[in-house]
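Undergrad:
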Amino acid sequence: MATVEKKPKMPGWLSLALLIGEIVLMLFLVTVSIIIMATVGHATGIIKWFQLNPIWMFVIIVFPLIVLFLFNVYLLIKTLNTQKEKSFDPSGLTQEELLEEARKQAREELMKEMEKNKEPKE
Numbered sequence: 579m580a581t582v583e584k585k586p587k588m589p590g591w592l593s594l595a596l597l598i599g600e601i602v603l604m605l606f607l608v609t610v611s612i613i614i615m616a617t618v619g620h621a622t623g624i625i626k627w628f629q630l631n632p633i634w635m636f637v638i639i640v641f642p643l644i645v646l647f648l649f650n651v652y653l654l655i656k657t658l659n660t661q662k663e664k665s666f667d668p669s670g671l672t673q674e675e676l677l678e679e680a681r682k683q684a685r686e687e688l689m690k691e692m693e694k695n696k697e698p699k700e
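Following this note's numbering, the numbering of the sequence shown begins with 579 at its first residue and continues without gaps.
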């Protein structure tokens with residue numbers, strides 16, 4: 579029989595903190611990119627530097643947004659697959675448990691049939 583390895587779960591507060599951090603980072607990066615695009619021509623400071631150096635704007639602002647988006651898509655697909663594997667039927671059993679129960683019932687029926695065939699005929 580296959581052994582199931584259980585991964586240690588993150589505490590709830592840590593996953594919540596990471597989620598909030600990700601949301602704040604994405605909002606900050608989107609806001610800065612909108613400001614950079616909206617103030618073309620009359621910006622100063624770091625915004626002007628980003629406008630004059632589009633490669634660094636891509637590396638520092640756009641690329642992290644793309645990576646975060648792809649990471650969220652990966653997590654979504656992973657969650658959907660685990661939910662599909664753990665899908666429950668009305669009886670409350672997983673698919674593996676249903677298969678095991680069906681095997682057990684088939685064995686019992688087979689044993690009953692064998693017992694009937696073993697009885698001496700009179």
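The beta-carbon is built from N, C-alpha and C at its ideal position, and this holds for glycine as well.
At which residues does the alpha helix (DSSP H) containing Ala684 begin and terminate?
TA: That run of the alpha helix (DSSP H) goes Gln673 to Lys696.
Undergrad: Along the chain, where does the alpha helix (DSSP H) that runs through Ile625 open and close?
TA: Start and end: Ile624 to Leu630.
Undergrad: Is DSSP giving Val618 helix, strand or coil here?
TA: If DSSP states are grouped into helix, strand and coil, Val618 belongs with coil.
Undergrad: Within the 7 Å Cβ cut-off, does Ala680 reach chain D?
TA: This model lacks chain D altogether, as it is built from one protein chain only.
Undergrad: Just confirm the distance between the C-beta atoms of Trp610 and Ile644, as a whole number of angstroms; I'd bet it's less than 8 Å.
TA: According to the sequence shown, residue 610 is Val rather than Trp. No, Val610 and Ile644 are not in contact; Cβ-Cβ is about 15 Å, not under 8 Å.
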